[in-house]
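A.B. asks: According to the numbering used here, the sequence shown is numbered sequentially starting from 122. Yeah, the Cβ is synthetic: ideal placement off N, Cα and C, and Gly gets one too. Encoded as structure tokens, here's the structure I'll be asking about.
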Amino acid sequence: MSDLTHQIPDYDIWLGAYRLYQAANYWPQGTVFVSVIDPGVGTNRKSVVLKTKGGRYFMAPDNGLFTLIAERDGVAELREIDEKVNRLADSVESYTFHGRDVYAYVGARLASGAISYKQVGPQLPSESMVKIAYQKPVRDGNTIRGIVPVLDVKYGNVWTNIPKSLLDELQVKLHDTLQVRILHKGKQVTKVTAPFEHTFGGVAKGKPLVYLNSLLDVAVAISQGDFAAKHHVASGVDWEVEVSKALAAK
122 MSDLTHQIPD YDIWLGAYRL YQAANYWPQG TVFVSVIDPG VGTNRKSVVL
172 KTKGGRYFMA PDNGLFTLIA ERDGVAELRE IDEKVNRLAD SVESYTFHGR
222 DVYAYVGARL ASGAISYKQV GPQLPSESMV KIAYQKPVRD GNTIRGIVPV
272 LDVKYGNVWT NIPKSLLDEL QVKLHDTLQV RILHKGKQVT KVTAPFEHTF
322 GGVAKGKPLV YLNSLLDVAV AISQGDFAAK HHVASGVDWE VEVSKALAAK
């Protein structure tokens, strides 16, 4: 058993979805993930177990935590946890501890083979799963649009959901100058011009750069500095980003 993190901010379903997406590929087929960010605990929201096409199992409240995993890995099957059968004994009157009474309990039984996936509960249509709406990365002429899904908080680097493949479509090369525009709910927060570099050492200390993060998505940083703090940038589905090649000065 491994603890991935207990550091997701309270009620931040989107960040939980992203961290799950970020980490899951490092575990083998058959792994059972238990994820509990559950502001709706005890209400009529469903508790579900997703089986991906790659054979991993994900257990969580049906509130959007599976948004990114389902898109990337595909849904083989979705089942609702039958709490009449699959629940810690004598916990039926515990309405606010489903992480213990339902998810950890069922996750342990599924991972150990005490129950099969079919015994979790009834199958649900995959399209019924709750998903969080967000701007998918897209190229619009000479501009690539996406969002800031997460910050590399320790260093203040700004990660985007724009993949390297879209930079390749713009024929961006090492040291090319890019323009990055960041907006919050449609209002511009900052606009910077920075070179595309492989490493933070590609620019002088204190200078901005565009690079590829560990997921090979576009990110923006300041060498030995905090881009997010300097430019007052946060993250989430309402933080948009636009990347384009800077026009050469005439």
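Using only the alpha-carbon positions, how far apart do residue 330 and residue 302 sit?
C.D. replies: 13 angstroms
A.B. asks: Would the beta-carbon of residue 363 fall within 8 angstroms of that of residue 260?
C.D. replies: Cβ atoms of residue 363 and residue 260: not closer than 8 angstroms.
A.B. asks: What would DSSP say about residue 317, mapped onto helix, strand or coil?
C.D. replies: strand
A.B. asks: According to DSSP, what are the bridge partners of residue 380?
C.D. replies: Only positions 122 to 371 of the chain appear in this structure, which leaves residue 380 out of reach.
A.B. asks: Assuming residue 273 is part of the beta strand (DSSP E), what are its boundary residues?
C.D. replies: 271-273
A.B. asks: State the CB to CB distance for the pair residue 188 and residue 138, rounded to an integer number of angstroms; the pair is presumed to be in contact (CB under 8 angstroms).
C.D. replies: So it is a contact: roughly 5 angstroms between Cβ atoms.
A.B. asks: Considering only their Cβ atoms, is the gap separating residue 279 from residue 269 smaller than 8 angstroms?
C.D. replies: yes
A.B. asks: Find out if the Cβ-Cβ distance for the pair residue 182, residue 166 is shorter than 8 angstroms.
C.D. replies: yes
A.B. asks: Taking Cβ to Cβ, would you say residue 224 is nearer than 8 angstroms to residue 178?
C.D. replies: no
A.B. asks: By the 10 Å Cβ neighbour count, where 16 or more other Cβ atoms means buried, how is residue 219 classified, buried or exposed?
C.D. replies: With at least 16 other beta carbons inside 10 angstroms of its own, residue 219 counts as buried.
A.B. asks: What number of angstroms, rounded off, separates the C-alpha of residue 336 from the C-alpha of residue 284?
C.D. replies: Spanning the two alpha carbons is a distance of roughly 8 angstroms.
A.B. asks: How about residue 290 and residue 242: do their beta carbons lie closer than 8 angstroms?
C.D. replies: no
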